[in-house]
Amino acid sequence: MTKTILITGTSSGYGKATAEHFLSHGWNVVATMRRPDPSLFAESDHLRVLPLDVTSPDSIASLFEAAGPIDVLVNNAGLGGVGAFEAMPMSLIRQLFETNTIGVMAMCKAVIPQMRERRSGAIVNVTSSVALGEFPLAAAYTATKQAIEGFSASLAHELGYFGIRMKLVEPGYAPTTRFGANAIVPFSELLPGDYADFAKPILVAFAKPAMTTKESDVAEAIWQAVHDTVNRLRFPAGADAVALAQAH
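Using this note's numbering, count along the sequence shown one by one with no gaps and you end on 248.
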(Lines of atoms letter the chains of each structure in order from A; the text may use other names.)
(Lines give C-alpha, C1' and ligand atoms only; values in the text may rest on other atoms or scores of the structure.)
Protein backbone atom coordinates (compact mmCIF):
# COMPACT_ATOMS: atom_id res chain seq x y z
CA MET A 1 0.00 0.00 0.00
CA THR A 2 1.40 3.41 -0.98
CA LYS A 3 2.32 5.54 2.02
CA THR A 4 1.58 9.25 2.39
CA ILE A 5 4.02 11.89 3.59
CA LEU A 6 3.08 15.47 4.47
CA ILE A 7 5.93 18.00 4.20
CA THR A 8 5.78 21.63 5.30
CA GLY A 9 7.66 24.43 3.57
CA THR A 10 8.00 22.82 0.13
CA SER A 11 8.19 25.90 -2.10
CA SER A 12 12.00 25.74 -2.16
CA GLY A 13 15.11 24.31 -0.53
CA TYR A 14 15.00 21.22 1.68
CA GLY A 15 11.23 20.86 1.58
CA LYS A 16 11.01 20.88 -2.22
CA ALA A 17 13.95 18.46 -2.55
CA THR A 18 12.38 16.12 0.00
CA ALA A 19 9.00 16.16 -1.76
CA GLU A 20 10.70 15.29 -5.07
CA HIS A 21 12.78 12.56 -3.43
CA PHE A 22 9.76 10.78 -1.95
CA LEU A 23 7.75 11.22 -5.17
CA SER A 24 10.57 9.57 -7.11
CA HIS A 25 10.27 6.58 -4.77
CA GLY A 26 6.53 6.18 -5.37
CA TRP A 27 5.16 7.81 -2.21
CA ASN A 28 2.03 9.94 -2.06
CA VAL A 29 3.20 13.44 -1.18
CA VAL A 30 1.21 16.28 0.37
CA ALA A 31 3.40 19.31 -0.26
CA THR A 32 2.40 22.38 1.72
CA MET A 33 3.34 26.04 1.42
CA ARG A 34 1.83 29.38 2.35
CA ARG A 35 1.00 30.22 -1.28
CA PRO A 36 0.40 26.93 -3.15
CA ASP A 37 2.07 26.75 -6.56
CA PRO A 38 1.73 23.31 -8.23
CA SER A 39 3.90 24.52 -11.15
CA LEU A 40 6.96 24.21 -8.87
CA PHE A 41 6.75 20.43 -9.35
CA ALA A 42 6.49 18.07 -12.29
CA GLU A 43 2.93 16.77 -12.69
CA SER A 44 2.23 13.64 -10.69
CA ASP A 45 -0.85 11.66 -9.66
CA HIS A 46 0.90 11.11 -6.34
CA LEU A 47 1.24 14.83 -5.50
CA ARG A 48 -1.11 17.27 -3.82
CA VAL A 49 -0.06 20.87 -3.16
CA LEU A 50 -2.05 22.39 -0.30
CA PRO A 51 -1.96 25.73 1.57
CA LEU A 52 -0.55 25.91 5.08
CA ASP A 53 0.45 28.61 7.51
CA VAL A 54 1.90 26.80 10.55
CA THR A 55 1.18 29.85 12.74
CA SER A 56 -2.57 29.63 12.05
CA PRO A 57 -4.69 27.05 13.94
CA ASP A 58 -7.45 27.37 11.31
CA SER A 59 -4.97 26.74 8.49
CA ILE A 60 -3.62 23.65 10.25
CA ALA A 61 -7.13 22.29 10.90
CA SER A 62 -8.16 22.85 7.26
CA LEU A 63 -5.00 21.13 6.03
CA PHE A 64 -5.53 17.93 8.01
CA GLU A 65 -9.17 17.83 6.97
CA ALA A 66 -8.12 18.03 3.31
CA ALA A 67 -5.08 15.76 3.57
CA GLY A 68 -6.69 12.66 5.08
CA PRO A 69 -4.56 9.95 6.77
CA ILE A 70 -0.83 10.74 7.01
CA ASP A 71 1.88 8.13 7.57
CA VAL A 72 4.78 10.58 7.94
CA LEU A 73 4.89 14.26 8.90
CA VAL A 74 8.00 16.30 8.08
CA ASN A 75 8.14 19.66 9.86
CA ASN A 76 10.49 21.60 7.61
CA ALA A 77 8.94 25.08 7.32
CA GLY A 78 11.02 27.72 9.05
CA LEU A 79 12.20 31.30 9.10
CA GLY A 80 15.81 32.48 9.14
CA GLY A 81 17.03 35.16 11.50
CA VAL A 82 20.67 36.12 11.82
CA GLY A 83 22.22 39.20 13.42
CA ALA A 84 23.26 40.71 16.72
CA PHE A 85 20.75 39.69 19.38
CA GLU A 86 20.81 43.19 20.87
CA ALA A 87 19.55 44.61 17.57
CA MET A 88 16.71 42.12 17.11
CA PRO A 89 13.26 43.53 17.85
CA MET A 90 11.22 41.36 20.21
CA SER A 91 8.56 41.21 17.49
CA LEU A 92 11.07 39.42 15.23
CA ILE A 93 12.09 37.02 18.00
CA ARG A 94 8.41 36.19 18.59
CA GLN A 95 7.90 35.58 14.85
CA LEU A 96 10.86 33.19 14.78
CA PHE A 97 9.45 31.22 17.71
CA GLU A 98 5.90 31.24 16.30
CA THR A 99 7.05 29.56 13.10
CA ASN A 100 10.14 27.52 14.03
CA THR A 101 8.99 26.29 17.44
CA ILE A 102 5.28 26.78 18.17
CA GLY A 103 4.37 25.97 14.55
CA VAL A 104 6.22 22.65 14.75
CA MET A 105 4.55 21.80 18.06
CA ALA A 106 1.12 22.68 16.64
CA MET A 107 1.67 20.40 13.64
CA CYS A 108 2.77 17.54 15.90
CA LYS A 109 -0.29 18.05 18.10
CA ALA A 110 -2.54 17.92 15.04
CA VAL A 111 -1.15 14.67 13.61
CA ILE A 112 -0.55 12.65 16.79
CA PRO A 113 -4.19 11.55 17.41
CA GLN A 114 -4.51 9.68 14.08
CA MET A 115 -1.07 8.09 14.47
CA ARG A 116 -1.82 7.05 18.06
CA GLU A 117 -5.09 5.42 16.99
CA ARG A 118 -3.29 3.46 14.25
CA ARG A 119 -0.29 2.75 16.53
CA SER A 120 2.02 3.71 13.68
CA GLY A 121 3.60 6.69 11.96
CA ALA A 122 6.66 8.90 12.03
CA ILE A 123 7.32 12.58 12.68
CA VAL A 124 10.53 14.17 11.40
CA ASN A 125 11.42 17.58 12.80
CA VAL A 126 14.02 19.46 10.75
CA THR A 127 16.21 21.58 13.03
CA SER A 128 19.71 22.81 12.18
CA SER A 129 23.40 22.26 12.84
CA VAL A 130 23.16 25.32 15.12
CA ALA A 131 21.95 22.72 17.63
CA LEU A 132 25.27 20.88 17.24
CA GLY A 133 27.68 23.74 17.95
CA GLU A 134 27.99 27.35 19.04
CA PHE A 135 27.14 29.77 16.23
CA PRO A 136 27.59 33.52 16.82
CA LEU A 137 25.01 35.99 15.46
CA ALA A 138 22.30 33.34 15.59
CA ALA A 139 21.22 33.38 19.25
CA ALA A 140 17.45 33.66 18.79
CA TYR A 141 17.37 31.34 15.76
CA THR A 142 19.45 28.78 17.66
CA ALA A 143 17.04 28.99 20.58
CA THR A 144 14.08 28.16 18.31
CA LYS A 145 15.87 25.06 17.02
CA GLN A 146 17.33 23.93 20.37
CA ALA A 147 13.81 24.08 21.78
CA ILE A 148 12.62 21.61 19.12
CA GLU A 149 15.59 19.34 19.83
CA GLY A 150 14.61 19.08 23.49
CA PHE A 151 10.92 18.86 22.68
CA SER A 152 11.47 16.01 20.22
CA ALA A 153 13.83 14.04 22.48
CA SER A 154 11.24 14.07 25.26
CA LEU A 155 8.21 13.50 23.03
CA ALA A 156 9.95 10.50 21.44
CA HIS A 157 9.35 8.56 24.67
CA GLU A 158 5.64 9.39 24.86
CA LEU A 159 5.05 8.57 21.20
CA GLY A 160 7.25 5.48 21.20
CA TYR A 161 4.78 3.86 23.58
CA PHE A 162 2.19 4.05 20.80
CA GLY A 163 4.47 2.88 18.00
CA ILE A 164 5.06 6.38 16.61
CA ARG A 165 8.65 7.21 15.70
CA MET A 166 10.10 10.68 16.35
CA LYS A 167 13.17 11.82 14.39
CA LEU A 168 15.38 14.90 14.20
CA VAL A 169 17.19 15.89 11.00
CA GLU A 170 19.91 18.49 11.52
CA PRO A 171 21.02 20.19 8.28
CA GLY A 172 24.26 22.11 8.01
CA TYR A 173 24.87 25.39 6.20
CA ALA A 174 23.42 25.37 2.68
CA PRO A 175 24.40 28.45 0.65
CA THR A 176 22.08 27.40 -2.20
CA THR A 177 18.87 27.58 -0.16
CA ARG A 178 16.71 30.65 0.46
CA PHE A 179 17.72 30.86 4.15
CA GLY A 180 18.88 34.46 3.79
CA ALA A 181 15.92 35.44 1.65
CA ASN A 182 13.55 33.86 4.19
CA ALA A 183 14.85 36.15 6.93
CA ILE A 184 12.16 38.60 8.05
CA VAL A 185 14.68 41.39 8.61
CA PRO A 186 17.78 41.66 6.39
CA PHE A 187 21.02 40.65 8.11
CA SER A 188 22.56 44.06 7.34
CA GLU A 189 19.90 45.79 9.46
CA LEU A 190 20.74 43.62 12.48
CA LEU A 191 24.42 44.57 12.73
CA PRO A 192 24.77 47.91 14.52
CA GLY A 193 28.10 49.72 14.19
CA ASP A 194 29.67 48.41 17.39
CA TYR A 195 29.28 44.84 16.10
CA ALA A 196 30.98 45.39 12.73
CA ASP A 197 34.49 44.37 13.83
CA PHE A 198 33.16 41.33 15.66
CA ALA A 199 31.10 40.24 12.66
CA LYS A 200 33.74 40.73 9.95
CA PRO A 201 35.72 37.48 10.41
CA ILE A 202 32.48 35.54 10.87
CA LEU A 203 31.13 36.84 7.58
CA VAL A 204 34.41 36.03 5.82
CA ALA A 205 34.20 32.45 7.13
CA PHE A 206 30.57 32.18 5.98
CA ALA A 207 31.56 33.32 2.50
CA LYS A 208 34.11 30.50 2.17
CA PRO A 209 32.89 27.55 4.22
CA ALA A 210 35.11 24.47 4.32
CA MET A 211 32.10 22.15 4.10
CA THR A 212 28.47 22.76 3.22
CA THR A 213 25.13 21.01 2.90
CA LYS A 214 23.14 20.36 -0.28
CA GLU A 215 19.36 20.09 -0.48
CA SER A 216 19.78 16.47 -1.60
CA ASP A 217 21.75 15.70 1.61
CA VAL A 218 18.74 16.73 3.67
CA ALA A 219 16.24 14.84 1.50
CA GLU A 220 18.39 11.70 1.87
CA ALA A 221 18.71 12.17 5.66
CA ILE A 222 14.93 12.50 5.95
CA TRP A 223 14.54 9.32 3.85
CA GLN A 224 16.95 7.50 6.19
CA ALA A 225 15.15 8.84 9.27
CA VAL A 226 11.77 7.67 7.98
CA HIS A 227 13.14 4.18 7.27
CA ASP A 228 15.25 3.86 10.44
CA THR A 229 14.65 0.64 12.37
CA VAL A 230 17.07 1.04 15.29
CA ASN A 231 15.36 3.88 17.21
CA ARG A 232 18.00 6.45 16.28
CA LEU A 233 16.80 9.99 17.08
CA ARG A 234 19.27 12.37 15.39
CA PHE A 235 20.32 12.49 11.74
CA PRO A 236 22.85 15.22 10.86
CA ALA A 237 22.60 16.13 7.17
CA GLY A 238 25.48 17.48 5.10
CA ALA A 239 29.24 17.14 5.50
CA ASP A 240 29.54 20.10 7.88
CA ALA A 241 26.70 18.88 10.14
CA VAL A 242 28.10 15.34 10.20
CA ALA A 243 31.55 16.69 11.18
CA LEU A 244 30.01 18.78 13.99
CA ALA A 245 28.03 15.81 15.28
CA GLN A 246 31.12 13.62 15.31
CA ALA A 247 33.12 16.27 17.16
CA HIS A 248 30.63 16.28 20.03
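Positions of the beta carbon are idealized from the N, C-alpha and C atoms, including for glycine.
Since the structure is predicted, the reported quantities are computational estimates derived from the model, not experimental observations.
Beta-bridge pairing of residue i - partner residues as DSSP gives them
| i | result |
| --- | --- |
| Asp170 | One point to set straight first is that residue 170 is Glu, not Asp, in the sequence displayed. Beta-bridge pairing links Glu170 to Pro236. |
| Val72 | Ile5 and Ala122 |
Residue span of the beta strand (DSSP E) that contains residue i, given as start and end
| i | result |
| --- | --- |
| Thr32 | Asn28 to Met33 |
| Gly253 | The question about residue 253 has no answer here: the residues shown for the chain are numbered 1 through 248. |
| Pro51 | Leu47 to Pro51 |
Cβ-based neighbour list, residue i, same chain, cut-off 6 angstroms, excluding 5 preceding and 5 following
| i | result |
| --- | --- |
| Gly238 | Pro171, Gly172, Thr213 and Asp217 |
| Ala199 | Leu191 |
| Thr2 | Asn28 |
| Ala249 | No statement about residue 249 is possible, as the shown extent of the chain runs from 1 to 248 and does not include it. |
| Lys16 | Thr10 |
Alpha helix (DSSP H) segment containing residue i, residue limits
| i | result |
| --- | --- |
| Val82 | Here Val82 belongs to no alpha helix (DSSP H), and DSSP marks it neither H nor E. |
| Pro57 | Pro57 to Ala67 |
| Val218 | Glu215 to Val226 |
| Phe206 | Ala196 to Ala207 |
| Phe162 | That residue, Phe162, is in no alpha helix (DSSP H); it is neither H nor E in DSSP. |
| Leu92 | Met90 to Phe97 |
| Glu20 | Gly13 to Ser24 |
C-beta contact flag for residue i and residue j at 8 angstroms
| i | j | result |
| --- | --- | --- |
| Thr177 | Tyr14 | yes |
| Ala183 | Gly81 | yes |
| Ala221 | Phe235 | yes |
| Val72 | Val124 | yes |
| Ala245 | Leu132 | yes |
| Thr18 | Met33 | no |
| Ala219 | His21 | yes |
| Ala241 | Ser129 | yes |
| Glu215 | Ala174 | yes |
| Ala153 | Leu23 | no |
Cutoff 7 angstroms; reference residue i; Cβ partners in own chain excluding five residues on either side
| i | result |
| --- | --- |
| Ala147 | Thr101 |
| Glu149 | Thr127, Ala131 and Leu168 |
| Ile202 | Pro136 and Leu137 |
| Pro69 | Thr4 and Gln114 |
| Phe97 | Thr144 |
| Ala210 | none |
| Ala156 | Met166 and Leu233 |
| Phe151 | Met105 |
heavy atom of the ligand ZN below 7 angstroms from residue i C-beta
| i | result |
| --- | --- |
| Pro209 | Judged by which ligands are present, the structure shown has none, so any question about the ligand ZN falls away. |
Own chain partners of residue i with C-beta closer than 8 angstroms, once the 5 adjacent residues on each side are dropped
| i | result |
| --- | --- |
| Pro192 | Ala84, Glu86 and Ala87 |
| Leu52 | Thr8, Thr32, Met33, Arg34, Ser59, Ile60, Leu63 and Ala77 |
| Val111 | Leu6, Phe64, Ile70, Leu73, Gly121 and Ile123 |
| Asn231 | Gly160 and Arg165 |
| Pro36 | Val49, Leu50 and Pro51 |
Please determine if the stretch 22-30 and the stretch 41-56 are in contact, where contact requires at least 3 C-beta pairs separated by less than 8 angstroms. yes
Can at least three beta-carbon pairs, one atom from the stretch 213-232 and one from the stretch 183-191, be found at a separation below 8 angstroms? no
Do the stretch 110-119 and the stretch 152-170 make contact, defined as three or more Cβ pairs closer than 8 angstroms? yes
Any contact between the stretch 3-14 and the stretch 63-80? By contact I mean 3 or more CB pairs, one from each, below 8 angstroms. yes
Counting beta carbon pairs with one atom in the stretch 36-44 and one in the stretch 90-104, are three or more of them shorter than 8 angstroms? no
Three or more beta-carbon pairs under 8 angstroms between the stretch 134-143 and the stretch 88-96, yes or no? yes
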